[in-house]
Amino acid sequence: MARVGIYGATGYTGYELIKLLVRHPQVEIGFATARSAVGKRLSDIFPTLIDTPLVAVEEANLQDVDLIFTCLPHNTPDLIPLVQQALEAGKRVIDFSDTFRLHDADDYERRRGKPHPAPELLSAAVYGLPELHRTAIREARLVANTGCYPLTAILPLWPLVQADLFTDRTVIVDSKSGVSGAGRSLSLKTHFGETHETFSAYNVGRVHRHLGEMEQETGLHIIFSPHLLPVYRGILSTIYVTLKPGTSPEMVHEAYNVFRDEPFITVLPTGHFPELRHVQQTMDFILGFQPVEIEAGRMIIVSALDNLLKGASGQAVQCMNLMLGIEETAGLK
1 MARVGIYGAT
11 GYTGYELIKL
21 LVRHPQVEIG
31 FATARSAVGK
41 RLSDIFPTLI
51 DTPLVAVEEA
61 NLQDVDLIFT
71 CLPHNTPDLI
81 PLVQQALEAG
91 KRVIDFSDTF
101 RLHDADDYER
111 RRGKPHPAPE
121 LLSAAVYGLP
131 ELHRTAIREA
141 RLVANTGCYP
151 LTAILPLWPL
161 VQADLFTDRT
171 VIVDSKSGVS
181 GAGRSLSLKT
191 HFGETHETFS
201 AYNVGRVHRH
211 LGEMEQETGL
221 HIIFSPHLLP
231 VYRGILSTIY
241 VTLKPGTSPE
251 MVHEAYNVFR
261 DEPFITVLPT
271 GHFPELRHVQ
281 QTMDFILGFQ
291 PVEIEAGRMI
301 IVSALDNLLK
311 GASGQAVQCM
321 NLMLGIEETA
331 GLK
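Residue 69 in the UniProt record's numbering is what sits at position 69 of the sequence shown, and the numbering runs on without skipping anything.
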């Protein structure tokens, strides 16, 4: 049995991660931290889970684990020291924040408005998307787990880029997410009264923090419009592309054949589209497309996933399986 440690076990992604690890046939939890619940046990907070004690970060025993997950919010001051400490101890790391997802420190500074806190680690970090970087993930010491929004754009667009089907490399991605995508910490925009029976856009255009991942992995120029849905989990994205004139549905399906052996990706027949209910509580990533004007190459793609599973914790377990030499789908099917 491999042993793993979790920093930040009581957030939404930490909770989903633990649910997956508890039933994993080849992995057990060595330690779990939660600053606001030190001294309690996981079963005190989540009654259906194991009785693991929640310890302070300083009490976590790195020598007792093979790999750690850092399920901490973006810009957490403790994050960089924890990752450095784990790597120096010879442990492998899967980080849930966006700190290591961009490869280039200058790109990070341009998009964030401040220098990267540990640029020396960027060259060691692998973007945690198995469908694109499976071989590198197997060997990686540090994996930057993907963002949930970016997956809904990268996976539908990357095969079309590889097939050289684009004529206009500016793409519009219109996404809708459940409120769990904002994390468990309190904020005005995620209060029940602010989300129930309403629908809102935010960070529209070129300002969203996850835009860099989409452009880095696809090489496209993306205009991104995220929206907040009054549901708990799931993301559905509608993507507007202009491909080479005359690009047929058969040509698009041929491009998507790169995914034919992927265990979690489904490409629907032309004109069929996923719904949130098709992917919630699953690792499934489903996409469909519809030509609008074949002679002009215009097409609409719709993709959907569960932001807490394929978009976060399940994706991290998929990467962990690769890193530890375990069957990739173990604990996920």
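All residues carry an ideal CB built from backbone N, CA and C; glycine is no exception.
Where does residue i sit, in a helix, a strand or coil, going by DSSP?
| i | result |
| --- | --- |
| M283 | coil |
| M1 | coil |
| T22 | The residue you asked about is not Thr; residue 22 is Val in the sequence shown. Note: V22 maps to helix in three-state DSSP. |
| R184 | With a pLDDT of only 49 at R184, under 50, the local geometry of the prediction cannot be trusted, and the value read off the model is given with reservation. Three-state result, R184: coil. |
| D168 | strand |
| Y7 | strand |
| F259 | helix |
| S43 | helix |
| T76 | coil |
| S36 | helix |
| P245 | coil |
| G14 | helix |
| D51 | coil |
| V65 | coil |
Is residue i buried or exposed, if buried means 16 or more other CB atoms sit within 10 Å of its CB?
| i | result |
| --- | --- |
| S303 | buried |
| E275 | exposed |
| H74 | exposed |
| D284 | buried |
| V4 | buried |
| K310 | buried |
| N307 | buried |
| H24 | buried |
| F199 | exposed |
| Q281 | exposed |
| residue 372 | Shown here, the chain extends from 1 to 333; a query on residue 372 therefore has no answer. |
| G128 | buried |
| H272 | exposed |
| P130 | buried |
| R101 | buried |
| E88 | exposed |
| P159 | buried |
| K40 | exposed |
| K114 | exposed |
| S248 | exposed |
| A316 | buried |
Do you know how far the Cα of residue j is from the Cα of residue i?
| i | j | result |
| --- | --- | --- |
| D104 | L122 | 7 Å |
| E197 | L305 | 22 Å |
| V161 | L322 | 26 Å |
| V258 | T76 | 37 Å |
| I137 | A312 | 16 Å |
| L268 | L229 | 24 Å |
| G246 | L21 | 47 Å |
| R298 | V292 | 5 Å |
| A140 | I265 | 23 Å |
| L79 | I286 | 33 Å |
| T135 | D64 | 27 Å |
| Y232 | N203 | 20 Å |
| R206 | S225 | 9 Å |
| L243 | R260 | 22 Å |
| R92 | C319 | 11 Å |
Do residue i and the ligand ATP come close, with the Cβ less than 8 Å from some heavy atom?
| i | result |
| --- | --- |
| G8 | This structure lacks the ligand ATP, and indeed carries no ligand of any kind. |
Tell me, please, whether the stretch 162-179 touches the stretch 314-333 by the rule of three or more beta-carbon pairs shorter than 8 Å. Under the Cβ criterion (8 Å, minimum of three pairs), the stretch 162-179 does not count as touching the stretch 314-333.
Pairing CB atoms from the stretch 223-241 with CB atoms from the stretch 251-261, are three or more of them under 8 Å? Result no; under three Cβ-Cβ pairs closer than 8 Å.
Counting beta carbon pairs with one atom in the stretch 140-151 and one in the stretch 92-105, are three or more of them shorter than 8 Å? By the criterion of at least three beta-carbon pairs nearer than 8 Å, the stretch 92-105 is in contact with the stretch 140-151.
Three CB pairs or more closer than 8 Å across the stretch 14-31 and the stretch 61-74: Result yes; three or more Cβ-Cβ pairs closer than 8 Å.
For the stretch 207-218 against the stretch 150-165, do three or more pairs of beta-carbon atoms, one drawn from each stretch, fall closer than 8 Å, so that the two count as touching? In the pairwise beta carbon analysis, the stretch 207-218 is classified as touching the stretch 150-165: at least three pairs are separated by under 8 Å.
Those runs of the beta strand (DSSP E) which lie wholly inside the stretch 85-149 and span at least 3 residues: Within the stretch 85-149, the complete beta strand (DSSP E) runs of at least 3 residues are 92-95, 125-128, 142-145.
Runs of alpha helix (DSSP H) wholly within the stretch 194-230 (minimum 4 residues, chain order): Look at the stretch 194-230 and you find these whole runs of alpha helix (DSSP H), each 4 residues long or longer: 211-218.
Complete beta strand (DSSP E) runs within the stretch 259-332 (minimum length 3 residues, chain order): Fully enclosed beta strand (DSSP E) runs of 3 or longer: 265-267, 285-293, 298-305.
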